[in-house]
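Reminder that position 152 of the sequence shown reads as 149 in my numbering, one-by-one numbering, no gaps. Don't be surprised by glycine CBs; every beta carbon is placed ideally from N, CA and C. Predicted model, so just to flag it, every value in this text is computed and none were measured. Okay, structure first, notes after.
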Amino acid sequence: MIRSMTGFASVSREAAGDRVHITMKSVNHRFLDVAVKLPQALAPLDQRVRAIVQQRLSRGRVELQVAAEVTTPPEREVVLDEALLDQIVAVIERAREKGVVAGPLTPSDLVRLPQVLEIRTRPAETGGDVPASLAALVDLAVTEALDALIVMRETEGRFLAADLDGRLQTMAGYVETLARESGDGQRQLEARLRERVAQLPPDLQGDPAALAQEIVRVVARSDVDEEIVRLRGHLEHWHGLAGGAEPCGRKLDFLVQEMNREINTIGSKVEGSRGTEIVIEAKAELERIKEQVQNVE
């Protein structure tokens, strides 16, 4: 699947008097790089927000900014340190046995022991001290902004795919032209070599069989059949990746490198000005393809 790395989204959501506004944009990047900017009150949600993005995107520089107007008071809870309380009760019991204190431990005694009984802000699940309802609102807004960002990236991706498809067709044409030119060039090279040998004085021509074998060897060095087969395979693989369901930017980038390597090899072997001209045009087209692939997730 070809999906662009460029996108933008802005979403606002409100619930129970709280309002959250998300701004999200993404640009090209070799890997996935997520930058999150949260107000201090929502800082504990940083990893939680990053995880939402990382589950849906695989590549690109993503900048996500959260603004919030919060009215929800923090949820409170009472925490009892039972281990410490057991120790205190044991000490009081020993003191009572010795007649130092009288009567049992009362609730009012517990209130006077802050180390044992603590009233604190209830931590939201994986969200630190952020109330659970507010954390859920942030999750919703981030998810909706991410949905919109992905839609934009997919829309851009369709334009990229159309452009790249046209360029791949051009490349396929170059490959087939090179295949034909290579065959013609080999035949022309063989004819030239045989003509030169025929023009040599008889005493310099040597063994005809050995000369014929040497001509075959020289002509074989200009054979590009293997490179043509690999180029056809790369083009077929490209279409499989582009039509698949997974992000394919890195793999397409690798294929461009491989195709460029094959074209360079052909350039070092090809005979004739027409073949050289096609190699130059193919390399220029590959450079344009490479530039476009840099935008693909």
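Met21 bridges to which residues according to DSSP? The residue given as residue 21 occupies position 24 in the sequence shown. Beta-bridge pairing links Met21 to Ala6, Leu61.
Below 8 Å on the Cβ atoms is my contact criterion, and I expect Leu161 with Gln289 to pass it. Report the Cβ-Cβ distance as a whole number of Å. As a working mapping, residue 161 is identified with position 164 in the sequence shown. As a working mapping, residue 289 is identified with position 292 in the sequence shown. Confirmed, Cβ separation roughly 6 Å.
I'd like the list of long-range same chain contacts for Asp8, defined as Cβ closer than 7 Å, with 5 residues on each side in sequence excluded. As a working note, residue 8 is residue 11 in the sequence shown. The question names Asp, but residue 8 in the sequence shown is Val. So the qualifying residues of the chain are Ile19, Ala138, Glu141, Ala142, Ala145.
Which two residues bound the contiguous beta strand (DSSP E) that contains Asp30? The residue labelled residue 30 in the question sits at position 33 within the sequence shown. Element bounds for Asp30: 29 to 34.
Find out if the Cβ-Cβ distance for the pair Arg150, Arg47 is shorter than 7 Å. Position 153 of the sequence shown, counting from 1, holds the residue named residue 150. Position 50 of the sequence shown, counting from 1, holds the residue named residue 47. No; because the gap between Cβ atoms is not below 7 Å, this pair is not in contact.
Please state whether DSSP places Ser270 in a helix, a strand or coil. Along the sequence shown, read from residue 1 onward, the residue named residue 270 stands at position 273. Helix at Ser270.
Apart from the five residues on each side of it in sequence, which residues of its chain come closer than 6 Å, Cβ to Cβ, to Ala6? Position 9 of the sequence shown holds residue 6. Taken in chain order, the residues that qualify are Met21, Ala142, Ala145, Leu146.
Distance, Cα to Cα, Pro36 vs Asp30? Working through the sequence shown from its first residue, we reach residue 36 at position 39. Working through the sequence shown from its first residue, we reach residue 30 at position 33. Going by the C-alpha atoms only, they are around 20 Å apart.
For a quick check, are the C-beta atoms of Tyr171 and Ile275 less than 7 Å apart? Working through the sequence shown from its first residue, we reach residue 171 at position 174. Working through the sequence shown from its first residue, we reach residue 275 at position 278. It is a contact, given that the beta carbons lie within the stated cut-off.
Once you ignore the five residues that flank Glu115 on each side, which residues in its own chain have a CB closer than 7 Å to its CB? The sequence position of residue 115 within the sequence shown is 118, counting from 1. Cβ within range, chain order: Val76.
Among Thr167, Met256, Ala239, the one whose alpha carbon lies nearest that of Gly154: Locating residue 154 in the sequence shown gives position 157, counting from the first residue. Of Thr167, Met256, Ala239, the residue nearest in Cα terms is Ala239.
Tell me which residue opens and which closes the alpha helix (DSSP H) that Val226 is part of. In the sequence shown, residue 226 corresponds to position 229, counting from 1. Taken as a continuous stretch (DSSP letters only), the alpha helix (DSSP H) holding Val226 covers 222 to 239.
Arg56 by DSSP, collapsed to three states: which one? Translated into positions along the sequence shown, residue 56 becomes position 59. Coil.
Per DSSP, the bridge partner or partners of Asp15: In the sequence shown, the residue the question calls residue 15 occupies position 18. According to DSSP, Asp15 bridges with Ala12.
Mind checking which residues open and close the alpha helix (DSSP H) that includes Ala92? For the purposes of this step, residue 92 is taken as the residue at position 95 of the sequence shown. It spans 79 to 94 - the alpha helix (DSSP H) in which Ala92 sits, taken as one unbroken run.
How is Leu110 classed by DSSP in three states: helix, strand or coil? Position 113 of the sequence shown, counted from the first residue, corresponds to residue 110. Residue state, collapsed to three classes: coil.
Tell me whether Glu255 sits in a helix, a strand or coil according to DSSP, three-state version. As a first step, residue 255 must be located in the sequence shown, where it is residue number 258. In the structure shown, Glu255 sits in a helix (DSSP, three-state: H, G or I).
Can you say whether His231 is buried or exposed, counting buried as having 16 or more other CB atoms within 10 angstroms of its CB? Against the sequence shown, residue 231 aligns to sequence position 234. Classification of His231: buried, given that the 10 Å Cβ count is 16 or more.
I'd like to check one pair, Val24 with Thr3: are the Cβ atoms closer than 7 Å? The residue given as residue 3 occupies position 6 in the sequence shown. The residue given as residue 24 occupies position 27 in the sequence shown. Against a cut-off of 7 Å, the Cβ pair of Val24 and Thr3 comes out as a contact.
Could you pull the DSSP bridge partners for Gly293 from this structure? Taking the sequence shown and counting its residues from 1, the one referred to as residue 293 is at position 296. A quick correction: the sequence has Val, not Gly, at residue 293. Looking at the DSSP assignment, Val293 forms a beta bridge with Ser1.
Would DSSP call Ile275 helix, strand or coil? Taking the first residue of the sequence shown as 1, we reach residue 275 at position 278. Three-state result, Ile275: helix.
If I follow the unbroken alpha helix (DSSP H) through Gln51, where does it start and stop? Working through the sequence shown from its first residue, we reach residue 51 at position 54. Element bounds for Gln51: 43 to 51.
Suppose the cutoff is 8 Å on Cβ atoms and the five residues either side in sequence are ignored; what does the same chain contact list for Gln51 look like? Along the sequence shown, read from residue 1 onward, the residue named residue 51 stands at position 54. Excluding positions up to five away in sequence, the list reads Leu29, Val31.
Exposure label - Val127; buried when at least 16 CB within 10 Å: Reading the sequence shown from its first residue, position 130 is the one you call residue 127. Buried, since its Cβ has 16 or more Cβ neighbours within 10 Å.
I believe Glu294 touches Ser130 by the beta-carbon criterion, under 8 Å. Please report the beta-carbon distance rounded to the nearest angstrom. Taking the sequence shown and counting its residues from 1, the one referred to as residue 294 is at position 297. Taking the sequence shown and counting its residues from 1, the one referred to as residue 130 is at position 133. Rounded, the Cβ-Cβ distance is 34 Å, inconsistent with contact.
Which residue wins for smallest C-alpha separation from Glu282, given the options Val135, Val253, Gln291, Val267? Position 285 of the sequence shown, counted from the start, is the residue given in the question as residue 282. Ranking Val135, Val253, Gln291, Val267 by Cα distance to Glu282 puts Val253 first.
For Val63 and Leu39, believed in contact at Cβ under 8 Å, the rounded distance: Mapped onto the sequence shown, residue 39 falls at position 42. Mapped onto the sequence shown, residue 63 falls at position 66. Sure, about 6 Å apart at Cβ, within 8 Å.
Please determine, among Arg93, Arg229, Leu157, Val67, the residue with the shortest C-alpha to C-alpha distance to Leu134. As a working mapping, residue 134 is identified with position 137 in the sequence shown. Checked all of Arg93, Arg229, Leu157, Val67; the closest Cα to Leu134 is Val67.
Val139 - partner residues in DSSP beta bridges: Here residue 139 corresponds to residue number 142 of the sequence shown, with the count starting at 1. None, per the DSSP bridge assignment.
Closest to Ala80 by C-alpha separation, out of Glu224, Val113, Glu11, would be which residue? Indexing the sequence shown from 1 puts residue 80 at position 83. Closest option to Ala80, Cα to Cα, is Val113.
Quick one: what's got a C-beta closer than 8 Å to Arg248's C-beta in the same chain, skipping five residues either side? Within the sequence shown, residue 248 is the residue found at index 251, counting from 1. At residue 248 the sequence reads Lys, which differs from the Arg that was named. Correct list, in chain order: Leu238.
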